[in-house]
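All remarks here apply to the structure that follows.
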Amino acid sequence: MRVTALEVSNFRNYAALRFEPASGVCVLVGQNAQGKSNLLEGLSLLSTGKSFRAAREVDLIKTGAPVARIAASVQTRTGEVQAACIITRAGEGARKKFLRNGRSVSYAQFLGGIAAVTFMPFDLQLIAGPPALRRRFLNIALSQANRQYYHQHATYLHVLMQKNAALKTPGPVNGALLQTYNEQLADAGAHIIAARAAYVRRLSQEAATVHARWVGAAEELSIAYQPSPDISDETPAAILKSLQAALSASSALEVMRKTSLMGPHRDELSFAVAGAVLARFGSQGQQRTAVLALKAAEYALLAQATGEPPLLLLDDVLSELDADRRRAFLGNLGHLEQAFITSVDRPELPSQTARVYQIAEGRIADAPLGAALSA
Amino acid sequence: MDYLAPPLSALIGELEKLPTIGPKTAARLAFYLLSASRADTAALSRAILDVKDKVRFCSRCYSLTEQDPCALCSDPKRDASVVCVVGEAKDVYAIERTMSYRGRYHVLGGLISPIEGVGVGQLKIKELIDRISAEGIAEIIVATNPNAEGESTALYLARLLTPSGVKVTRLAYGLPIGGDLDYADEVTVARALEGRRTL
Chain D
1 MRVTALEVSN
11 FRNYAALRFE
21 PASGVCVLVG
31 QNAQGKSNLL
41 EGLSLLSTGK
51 SFRAAREVDL
61 IKTGAPVARI
71 AASVQTRTGE
81 VQAACIITRA
91 GEGARKKFLR
101 NGRSVSYAQF
111 LGGIAAVTFM
121 PFDLQLIAGP
131 PALRRRFLNI
141 ALSQANRQYY
151 HQHATYLHVL
161 MQKNAALKTP
171 GPVNGALLQT
181 YNEQLADAGA
191 HIIAARAAYV
201 RRLSQEAATV
211 HARWVGAAEE
221 LSIAYQPSPD
231 ISDETPAAIL
241 KSLQAALSAS
251 SALEVMRKTS
261 LMGPHRDELS
271 FAVAGAVLAR
281 FGSQGQQRTA
291 VLALKAAEYA
301 LLAQATGEPP
311 LLLLDDVLSE
321 LDADRRRAFL
331 GNLGHLEQAF
341 ITSVDRPELP
351 SQTARVYQIA
361 EGRIADAPLG
371 AALSA
Chain W
1 MDYLAPPLSA
11 LIGELEKLPT
21 IGPKTAARLA
31 FYLLSASRAD
41 TAALSRAILD
51 VKDKVRFCSR
61 CYSLTEQDPC
71 ALCSDPKRDA
81 SVVCVVGEAK
91 DVYAIERTMS
101 YRGRYHVLGG
111 LISPIEGVGV
121 GQLKIKELID
131 RISAEGIAEI
141 IVATNPNAEG
151 ESTALYLARL
161 LTPSGVKVTR
171 LAYGLPIGGD
181 LDYADEVTVA
191 RALEGRRTL
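Residue numbers (the numbering used here), protein chains in the order written: chain D, 1 to 375; chain W, 1 to 199.
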C-alpha cells in the first residue's frame, strides 16, 4: 500500500498543501511545531477515521477556517483508492464526513480502506500503562482488518451505555430490561472475545518470534489475553455461555454499584518475558523491546490480513529508542512498501531512507538525501 | 436582517426552525411564498393549523388520527388477531405502503433508551399488554428499527409477552431487493446469512 499524493487544506497548521511522497521510507525532518506529526495524523485519520492525538476533533481545523479537508490517493494491491475526510465546524464541536472515490460513505464503510500501523512515543506505555490503552490497541488492530469486529464492538459499547444509564436511573431497576441488555451484550461480547482471543494467539506467536530474533530464545516473550469473564474454551458457543452466565451472576452486584462490572470492556492483555510479568518485573528496556516486538507483530498480521504491506507511520518514536533497538525494529519490517517517519534530528535516519523532506511552518521541501545521511 | 421587511424576515426565521432547512432554503421558500397566490398560501397556513388542531392519538393504537378510534382500528376487514408494533407513528405508513399487511398496529411512541431518559414507563407498553387480553391478539409482529435501541425494545417485548402465550415475531434482516450482493455491507450480508431459509 502506497500513498501517491496527500492533499490537505485548513488542517492543523497547513493552509493548503499537496505532497507526493516517494515510495520506501520517507523521513520528515524539521523543528518542533512545524507540522511533521500533523501529516502523520492526517494519514492516520484516513486509515482509522480518528485522530491519534486530538482530544477535540474541532482542533484539527486550522484556526479561523470553517472546514478542514484531508485527501489521499493510495495505490493498493487492487487498484487506486481515493480517500478523503472533511471536518466541518458544528456548534462547539466538529462533524466529520468520509468519502471513498468521491462518494460519501459511512464511518464503518470508510474504516480499513487504508491499512496503517501507527507507532508513537505514547505507545511505549502500552505494557505498563492503564488497561484502556491495551484494549484500544486491540480495537484499532482488529477493526482495520475485520469490519464485523468493528460493528460488534460499536454495538457492544452502545448497548453498554444504555445498560449503565438504566442502572443509574433513579428508582428500582427493571429486571427484565437488564436481562434484555445482558442478552444483547452477551451476543456482541462473545464475538468480540472470540476475535480478540484468536488475534492475540497469533500476535503472541509473531511477537515471540521477532523478540527471540533480537534478544535470544531464552527470554521468551508471551502475550496473554485475559478476557472478562475468564473463558476455558474458545469456541463461540462456549464463550457465549460463559459470558451469559457471568452477566447474570454479577447482576445483583451491578444493580448495587449502578454500573456494569463484567464483559469485554474490562478485558486485559498481559505481557511476560520468560514467565515474569513485564508490567511488574520488567525493566524499562525490556518493556520497550516488548512494545517494538508487539508493533512489528501488529504490522505483520495486518499485512497478512489485507494481503499487502500496510503503511507504517512512526511519529517521533525512533528518537526514543537507542541505536540497536532502532536498527532491530526497522530491519525486521522486511518488505516495506512505504513508511513515514518524523524526526527532529537528521543523524537518526534509518539506512533504508529513500527521501528526506524538510518541514517548516506548514510547508514542505525536498532535502538532499546525501547531505542528510552525512550530517 | 434589517434590510428585509419585518414580516418577511419573521417568515424566514420561522422556516429556519424547521428540520433540514438552512438560512438559504428558508429565504428561498419565503420569497416563493411571497410570490405565490393568496389561495395557495391560505391553504398552506390552514393545513398547518389543521394538523395541530385536528390530529390526535388514537386511544387504541396510538397512531395519529382525526377520528378516534382511527381508521385502521375501526376497519372490520383488518385482522384483529395480529398487531404490528412500531416505534413511531410514521412507521405505520412505512408498513402500510407495502399493501401486504392486513393486521392492526400499536405505536409505542419511541424506543427504550435510558440515555435519552426514555424508560419502559414512558412507552405505550402497558397499553399493549392490556390490548392483548382485551382484543384476543394471537400474534405480535415487532417492527422496530434495526438499530441497538430497536433491538433492545424488541427483545424486551419478547421477554415480556412470550410467557402470556402470544406469538412474538420480529421483522427479518435481509438484503435490499434489486441491489447487488457485492454492494451490500458486510454486516447486512452476515445478518442475511444468519436469517437464511430453506428453498
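We put the CB at the ideal spot given by N, CA and C, even for glycine.
* Asked: Would you call Glu116 of chain W buried or exposed, if buried means 16 or more other Cβ atoms sit within 10 Å of its Cβ?
  -> Flag for Glu116 of chain W reads exposed.
* Asked: With DSSP run on the structure shown, which of helix, strand or coil describes Thr342 of chain D?
  -> DSSP, read as helix, strand or coil, puts Thr342 of chain D in strand.
Closer than 7 Å, Cβ to Cβ, to anything on chain W: give me those residues from the stretch 135–167 of chain D, in chain order. Per Cβ criterion, the list reads Arg147, Gln148, His151, Thr155, His158, Val159, Met161, Gln162, Ala165, Ala166.
Query - Leu402 of chain D, enclosing beta strand (DSSP E) - first and last residue - result: Shown here, chain D extends from 1 to 375; a query on residue 402 of chain D therefore has no answer.
query = DSSP three-state call for Thr259 of chain D: helix, strand or coil?
reply = It is coil, neither helix nor strand.
* Asked: Leaving out the 5 sequence neighbours to the left and right, which residues in its chain are closer than 7 Å to Val210 of chain D when beta-carbon positions are compared?
  -> In its chain, beyond the 5 residues on either side, Ala293, Ala296, Ala297, Asn332 have a beta carbon closer than 7 Å to the beta carbon of Val210 of chain D.
Task: Sequence-distant residues of its chain with Cβ nearer than 6 Å to Gly370 of chain D (five each side left out) - done: With a pLDDT of 49 at Gly370 of chain D, under the threshold of 50, the predicted position of this residue should be treated as unreliable, though the coordinate-derived value follows. So no residue of the chain qualifies.
Taking Cβ-Cβ distances below 9 Å as the criterion, which residues of the stretch 92–125 of chain W are in contact with chain D?
Per Cβ criterion, the list reads Ile112, Ser113, Pro114, Ile115, Glu116, Gly117, Gly119, Val120, Gly121.
Just checking my contact of Phe19 of chain D with Ile364 of chain D at CB under 8 Å: how many whole Å lie between their CB atoms?
The pair is a contact, with the Cβ atoms about 6 Å apart (cut-off 8 Å).
### Query
Under three-state DSSP, which class holds Leu28 of chain D?
Leu28 of chain D falls in the strand class under three-state DSSP.
To the nearest angstrom, how far is it from the Cα of Arg56 of chain W to the Cα of Ala158 of chain W?
Cα-Cα distance, rounded: 29 Å.
- With a Cβ-Cβ cutoff of 8 Å, do Leu336 of chain D and Val74 of chain D count as a contact? Not in contact: Leu336 of chain D and Val74 of chain D (Cβ atoms no closer than 8 Å).
*So is Arg160 of chain W in contact with chain D if we call contact Cβ pairs under 8 Å?*
Strictly speaking, residue 160 of chain W in this sequence is Leu, with Arg absent from that position. Chain D, which has a Cβ nearer than 8 Å to the Cβ of Leu160 of chain W, makes this yes.
For this session: Report yes if the C-beta of Ser260 of chain D is less than 7 Å from at least one heavy atom of the ligand PLP; otherwise report no.
Result: Ligands in the displayed structure: none, and consequently the ligand PLP is not present.
Exercise for review: Determine the DSSP secondary structure at Ile177 of chain W, reduced to helix, strand or coil.
Suggested key: If DSSP states are grouped into helix, strand and coil, Ile177 of chain W belongs with coil.
Which one of W:Thr144, W:Asp180, W:Leu181 has the shortest CA to CA distance from Ala94 of chain W? For the set W:Thr144, W:Asp180, W:Leu181, the Cα lying nearest the Cα of Ala94 of chain W is the one of W:Thr144.
For Pro401 of chain D, count the other beta carbons within 10 Å of its own beta carbon; 16 or more makes it buried, fewer makes it exposed. Which is it? The structure shown does not extend to residue 401 of chain D, since chain D spans only 1 to 375, so no value can be given for it.
Point to revise | Length of the line joining the Cα atoms of Tyr32 of chain W and Leu111 of chain D | key: C-alpha separation (whole angstroms): 43 Å.
- [ ] With a 10 Å radius around its C-beta and 16 neighbouring C-beta atoms as the bar for buried, classify Arg134 of chain D as buried or exposed.
- [x] By the neighbour-count rule (16 or more Cβ atoms within 10 Å), Arg134 of chain D is buried.
- Task: Please go through the same chain and pick out, in chain order, the residues whose beta-carbon is closer than 8 Å to the beta-carbon of Ser319 of chain D, but skip the five residues on each side of it.
- Result: If we look at Ser319 of chain D and ignore the five residues flanking it on each side, its Cβ neighbours are Ser343, Val344, Asp345, Glu348.
According to DSSP, is Phe52 of chain D part of a helix, a strand, or is it coil?
Phe52 of chain D carries a coil assignment under DSSP once its states are collapsed to helix, strand and coil.
- Pull out every residue of the stretch 101–114 of chain D whose Cβ sits closer than 9 Å to any Cβ of chain W, in chain order. Against chain W - using a Cβ distance shorter than 9 Å - the residues of the stretch 101–114 of chain D are Ser106, Ala108, Gln109.
query: Is DSSP giving Ala372 of chain D helix, strand or coil here?
result: The pLDDT assigned to Ala372 of chain D is 45, lower than 50, so where the model puts this residue is not dependable; a value taken from the coordinates is nonetheless given after this. Residue state, collapsed to three classes: helix.
Relative to the C-alpha of Val317 of chain D, which candidate in D:Phe329, D:Thr306, D:Asn182 has its C-alpha closest? The option with the nearest alpha carbon to Val317 of chain D is D:Phe329.
**Request:** Using only alpha-carbon positions, find the residue among D:Val277, D:Ala323, D:Ala65, D:Arg103 that is nearest to Gln82 of chain D.
**Result:** Comparing C-alpha distances from Gln82 of chain D to each of D:Val277, D:Ala323, D:Ala65, D:Arg103 shows the shortest one belongs to D:Arg103.
Taking Asp123 of chain D as the reference, which of D:Ala116, D:Ala166, D:Asn164, D:Phe52 has the closest Cα? Of the candidates D:Ala116, D:Ala166, D:Asn164, D:Phe52, the one whose C-alpha sits nearest the C-alpha of Asp123 of chain D is D:Phe52.
**For Gln286 of chain D, the residue or residues it bridges with in DSSP** = DSSP lists no partner for Gln286 of chain D.
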